[in-house]
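**Q**
Residue numbers (our numbering), protein chains in the order written: chain A, 798 to 1320; chain B, 369 to 638.
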């Protein structure tokens, strides 16, 4: 089977060449263009190394490079419009002039979708930060796409609502980017994907037209649902400038528990048991393998568990519950948690008793810790959320965000480690760690390979190996990070030719000149 | 040789969950419209400095083993404050005392609390050798209970401890205190009052087996009248206000404009 995949394997190189031949060529931004932009925007909204602006190159580096410093663009110009009208005028001009545009949000992406490949114009939405409306009855919030996710959460908090998504990058990422990349994150298990919670969008199309679908309707069954196309399009079909999103009622009581498991095989039975016991108050079920945990702790993410609780654990599971009314829920939650703890510990006790009689019932968990205060609640989450950052501090990370059957999480990590070992790359000066963590609830594994440096040898050992591995599980090569520039060549591992062909036709329909985020998603 | 009874330590750790339940520092506080108090309809948990106190007592036992005979946590508050005691028990305390007050009664003040603690200490058959408590509660920030208790009992006190070393044989303790100029080390005789500072330790998580065990540990319930004390407040809160809201900044287009603005604000001379 893998032999057959080798045909696909050569796709990347060939397609890069093809890109050069078949992609339209774009015009670089010139001083004349800057003059036009100066008519559209105030001076403070234009950064450009070109005259007469002459911004130092260093000031553009945060826009040209991604936060992991893995993808590097060479754009001369960053525009930071404040209104949809300004965006529209910029895009119209660029379309006429054949200038390629990269829309950029908080630049927290993991697949290089938000930074230029060459010298495309960067259109940063960071200045569009107005909350346009909020209805405290329906919980529908309409906001500019540049609003930072955490700012929206803070805005909603006094109204007792929360954003339906949450992710580690919440302090920097923007809602427009979240929607464009169809970000998943930590609340997906509870609140579903953005395809459900986004009610409307305002999009500047590649010719400058403003597509106003900024409705605040829960139900709107009137033919093709066009806004869905922009969710996850990664800015290749247009620039999202406004978002209407359904916020969720804030759970009045949340709690979490970090469980230490003796072996990976227990994750699934535990997930079943936890779902059964906690049912509707279960809001997250996150998996962290031992190495990922140790990296997080090493780099000061969260407060480490007590040594005796970590001992003998092969992996950890972070379970979060949240629910409705505080007093009532607190009791329900505590009762259910206790019940769960009882069951888990009873198994343990039973085990001690039965072990000598028959080696049957093994405990699902070694032990666990239950947060006692909001501070500890955050500290436990910080361990899970901090892994991404810890991995970046440890070295250069190859990140694979894959959907595969949960039962295969550990096998996938082990196989990848074995692959690197067999290539002689598992050593301190090459690959330091192979770690796995992710959202068990959604079947989403983050497979991270931490290397001393990005090298062609490591990349060759990993790709297409990882993609083939995913295909062998009939999984997805990108569960929530998107395709960006990193995975365009790997799209065929998950999407069949018919689907890709339709995607290309949709792209051509919206963006005949191909100026919107070229080279991303589709080759 | 087994230590004699005289060398065994009995430790008392008063904890607070205030308002009566301490408002957690991760939660934003809103002042009530009547300006007499704050919105208590938020999450509560153990006062963080008290958490540090419990942790220190448990660490002392881990270090001194059997020489620590008992660790008792105590709280004063309505029925719900018992949750805080369970937390303390799950962290490693042996037993707890809950001085229960009616749900409707105002929060006790430091002097009332100190008097209640004195009465409790005098009731302990085996006596108390060491009282470890938070240097202050983060809700009212009074920072008085420990000192008042030391005064009432006429015991030595070591406040703002960032390190505590107890020698049960000599019945004394060395305490490193955080003071303005740096650190100060003091030696005190037991029995002793210690108040904890932030850097003394980092409290542990409560593990599931310990939470289970904590449910079986005894909590003795008492009322203020059992102790012969009156917790009626002697102070009257006149007004509580929020700090002034931070004004948003503005952008200036040029240095000249910036200087003009600074002059206007009277920050630079004309």
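Ideal placement from N, C-alpha and C gives every residue a C-beta, glycine not left out. Predicted model, so just to flag it, every value in this text is computed and none were measured.
(1) Listed from N- to C-terminal order along the chain, which residues in the stretch 1157 to 1182 of chain A have their beta-carbon within a distance smaller than 9 Å of any beta-carbon of chain B?
(2) Rounding to the nearest angstrom, what Cα-Cα distance links residue 1056 of chain A and residue 881 of chain A in this structure?
(3) When you compare only the Cα positions, how much space is there between residue 1365 of chain A and residue 598 of chain B?
(4) Please return the same chain residues whose Cβ sits closer than 6 Å to the Cβ of residue 1047 of chain A, not counting the five positions on each side in sequence.
(5) What does the alpha-carbon distance come out to for the pair residue 1218 of chain A and residue 1255 of chain A?
(6) In chain order, what residues of the same chain have a beta carbon less than 8 Å from the beta carbon of residue 1303 of chain A, not counting five sequence neighbours either side?
(7) For a test of the three-state rule: what should DSSP assign to residue 445 of chain B, helix, strand or coil?
(8) Run down chain B in chain order and give the residues with a C-beta less than 7 Å from the C-beta of residue 1100 of chain A.
(9) Closer than 7 Å by beta-carbon distance: list the chain B residues that pair up with residue 841 of chain A, in chain order.
(10) State the Cα-Cα distance for the pair residue 1004 of chain A and residue 1314 of chain A, rounded to the nearest angstrom.
(11) Determine the extent of the beta strand (DSSP E) in which residue 952 of chain A is found, giving its start and end residues.
(12) Does the beta-carbon of residue 422 of chain B have 16 or more other beta-carbons within 10 angstroms, so that it is buried, or is it exposed?
(13) Which chain A residues are close to residue 574 of chain B, counting only those with a beta carbon under 8 Å from its beta carbon?
(14) Counting Cβ pairs, one atom from each stretch, are 3 or more of them under 8 Å apart for the stretch 522 to 534 of chain B and the stretch 556 to 572 of chain B?
(15) Residues of chain B with CB closer than 7 Å to the CB of residue 1103 of chain A, please, in chain order.
(16) Label residue 509 of chain B either buried or exposed according to how many other C-beta atoms from any shown protein chain fall within 10 Å of its C-beta, with 16 as the threshold for buried.
(17) Since residue 513 of chain B and residue 482 of chain B should fall inside the 8 Å C-beta cutoff, what is the C-beta to C-beta distance between them, to a whole number of angstroms?
(18) Can you tell me whether residue 1028 of chain A is helix, strand or coil according to DSSP?
(19) Report yes if the CB atom of residue 467 of chain B is closer than 8 Å to the CB atom of residue 380 of chain B, and no otherwise.
(20) Hey, does residue 941 of chain A have any beta-carbon neighbour from chain B nearer than 8 Å?
(21) Going by Cα to Cα distance, which pick from A:1091, A:888 and A:1223 is closest to residue 1001 of chain A?
(22) When you compare only the Cα positions, how much space is there between residue 1281 of chain A and residue 921 of chain A?
(23) Going along chain A, which residues have a C-beta under 8 Å from residue 413 of chain B?
(24) If you compare alpha carbons, which of A:1319, A:1065 and A:1187 is closest to residue 965 of chain A?
(25) What does the Cβ neighbour count give for residue 904 of chain A, buried or exposed, with the cut at 16 atoms within 10 Å?
(26) Against residue 1106 of chain A, what residues of chain B qualify as contacts under a CB-to-CB distance less than 8 Å, listed in chain order?
(27) Closer than 8 Å by C-beta to residue 1058 of chain A: which residues in its own chain qualify, once you throw out the five before and the five after it? Chain order, please.
(28) Would residue 592 of chain B pass as an interface residue toward chain A - the criterion being a Cβ-Cβ separation below 8 Å?
(29) Should the stretch 1253 to 1269 of chain A be called in touch with the stretch 1194 to 1205 of chain A, which here means at least 3 C-beta pairs below 8 Å?
(30) Would residue 1247 of chain A and residue 1191 of chain A qualify as a contact pair, given that the criterion is a beta-carbon distance under 8 Å?
(31) Per DSSP, residue 1281 of chain A forms a beta bridge with which residues?
(32) With distances taken Cα to Cα, identify the nearest neighbour of residue 1074 of chain A among A:1118, A:1011, A:928 and A:1040.
(33) What does the alpha-carbon distance come out to for the pair residue 433 of chain B and residue 534 of chain B?
(34) Check whether the stretch 842 to 860 of chain A touches the stretch 889 to 896 of chain A, taking contact to mean three or more Cβ pairs, one atom from each stretch, closer than 8 Å.
(35) Does the CB of residue 564 of chain B have a neighbour CB from chain A at under 8 Å?
(36) Please classify residue 372 of chain B as buried or exposed, where buried requires at least 16 other C-beta atoms within 10 Å of its C-beta.
**A** Reading off the structure:
(1) So the list reads 1162, 1164, 1165, 1166, 1167, 1168, 1169, 1170, 1171, 1172, 1173, 1174, 1175, 1176 and 1177, given in the order they occur along the chain.
(2) Mapped onto the first chain, residue 1056 of chain A falls at position 259. Mapped onto the first chain, residue 881 of chain A falls at position 84. Residue 1056 of chain A and residue 881 of chain A: Cα-Cα distance of roughly 47 Å.
(3) Shown here, chain A extends from 798 to 1320; a query on residue 1365 of chain A therefore has no answer.
(4) Start at 1 with the first residue of the first chain, and residue 1047 of chain A comes out as number 250. For residue 1047 of chain A, same chain residues with a beta-carbon under 6 Å away, outside a window of 5 residues either side, are 957, 958 and 959 in chain order.
(5) Stepping through the first chain from its first residue, residue 1218 of chain A is reached at position 421. Stepping through the first chain from its first residue, residue 1255 of chain A is reached at position 458. A straight line joining the alpha-carbon of residue 1218 of chain A with that of residue 1255 of chain A spans about 11 Å.
(6) By 1-based counting over the first chain, the position of residue 1303 of chain A is 506. These residues qualify, in order along the chain: 1026 and 1034.
(7) Numbered from 1 along the second chain, position 77 holds the residue referred to as residue 445 of chain B. Here residue 445 of chain B sits in strand by DSSP.
(8) Position 303 of the first chain, counted from the first residue, corresponds to residue 1100 of chain A. Neighbourhood of residue 1100 of chain A in chain B, by CB distance below 7 Å: 570, in chain order.
(9) Translated into positions along the first chain, residue 841 of chain A becomes position 44. Contact annotation for residue 841 of chain A against chain B: 619 [CB-CB distance below 7 Å, chain order].
(10) Walking along the first chain from the start, residue 1004 of chain A turns up at place 207. Walking along the first chain from the start, residue 1314 of chain A turns up at place 517. C-alpha separation (whole angstroms): 14 Å.
(11) Numbered from 1 along the first chain, position 155 holds the residue referred to as residue 952 of chain A. Looking at the DSSP string, residue 952 of chain A is not in any beta strand (DSSP E); the run it does join, the alpha helix (DSSP H), is 946 to 953.
(12) Numbered from 1 along the second chain, position 54 holds the residue referred to as residue 422 of chain B. Label assigned to residue 422 of chain B: buried.
(13) On the second chain, position 206 is the one that residue 574 of chain B refers to. Counting only Cβ-Cβ distances below 8 Å, residue 574 of chain B has contacts in chain A at 1166, 1167 and 1169, in chain order.
(14) Proximity of the stretch 522 to 534 of chain B to the stretch 556 to 572 of chain B meets the contact definition, three or more beta-carbon pairs being nearer than 8 Å.
(15) As a first step, residue 1103 of chain A is located in the first chain; it is residue number 306 there, counting from the start. Neighbours of residue 1103 of chain A on chain B, chain order: 572, 573 and 575.
(16) The residue labelled residue 509 of chain B in the question sits at position 141 within the second chain. So residue 509 of chain B counts as exposed.
(17) Position 145 of the second chain, counted from the start, is the residue given in the question as residue 513 of chain B. Position 114 of the second chain, counted from the start, is the residue given in the question as residue 482 of chain B. Correct: roughly 5 Å between the Cβ atoms.
(18) As a position in the first chain, residue 1028 of chain A is number 231, starting the count at 1. Residue 1028 of chain A falls in the coil class under three-state DSSP.
(19) Taking the first residue of the second chain as 1, we reach residue 467 of chain B at position 99. Taking the first residue of the second chain as 1, we reach residue 380 of chain B at position 12. Result no, Cβ atoms of residue 467 of chain B and residue 380 of chain B do not sit closer than 8 Å.
(20) Residue 941 of chain A sits at position 144 when you count from the first residue of the first chain. Output row for residue 941 of chain A: interface = no.
(21) The residue you call residue 1001 of chain A lines up with position 204 of the first chain. Looking at the Cα atoms, A:888 is the closest of the given residues.
(22) What you label residue 1281 of chain A is simply residue 484 of the first chain in a count that begins at 1. What you label residue 921 of chain A is simply residue 124 of the first chain in a count that begins at 1. Those two C-alpha atoms are separated by around 17 Å.
(23) Indexing the second chain from 1 puts residue 413 of chain B at position 45. Neighbours of residue 413 of chain B in chain A, taken as residues whose beta carbon is under 8 Å from its own, are 1169, 1170, 1171 and 1172 in chain order.
(24) Taking the first chain and counting its residues from 1, one reaches residue 965 of chain A at position 168. Out of A:1319, A:1065 and A:1187, A:1187 has the C-alpha closest to the C-alpha of residue 965 of chain A.
(25) Taking the first chain and counting its residues from 1, the one referred to as residue 904 of chain A is at position 107. Answer is buried; the Cβ neighbour count reaches 16.
(26) The count along the first chain starts at 1 and reaches residue 1106 of chain A at position 309. Near residue 1106 of chain A (Cβ distances below 8 Å), the residues of chain B are 573 and 575.
(27) Numbered from 1 along the first chain, position 261 holds the residue referred to as residue 1058 of chain A. Only 1064, 1067, 1110, 1111, 1112, 1113, 1114, 1161, 1162 and 1163 meet the Cβ criterion.
(28) As a position in the second chain, residue 592 of chain B is number 224, starting the count at 1. False, the Cβ-Cβ gap to chain A never drops below 8 Å.
(29) Verdict: yes, contact present.
(30) As a working note, residue 1247 of chain A is residue 450 in the first chain. As a working note, residue 1191 of chain A is residue 394 in the first chain. Cβ distance < 8 Å, so residue 1247 of chain A and residue 1191 of chain A count as in contact.
(31) If you number the first chain from 1, residue 1281 of chain A lands on position 484. DSSP, once it has assigned bridges, lists no residue as partnering residue 1281 of chain A.
(32) Translated into the one-based positions of the first chain, residue 1074 of chain A becomes position 277. The residue with the shortest Cα to Cα distance from residue 1074 of chain A is A:1118.
(33) As a first step, residue 433 of chain B is located in the second chain; it is residue number 65 there, counting from the start. As a first step, residue 534 of chain B is located in the second chain; it is residue number 166 there, counting from the start. Residue 433 of chain B and residue 534 of chain B have their C-alpha atoms spaced approximately 12 Å apart.
(34) Touching, no.
(35) By one-based count along the second chain, residue 564 of chain B stands at place 196. Cβ-Cβ to chain A under 8 Å: no for residue 564 of chain B.
(36) Here residue 372 of chain B refers to the residue found at position 4 when the second chain is read from its first residue. Legend: pLDDT at residue 372 of chain B = 41, less than 50; position of this residue unreliable, no value from coordinates given.
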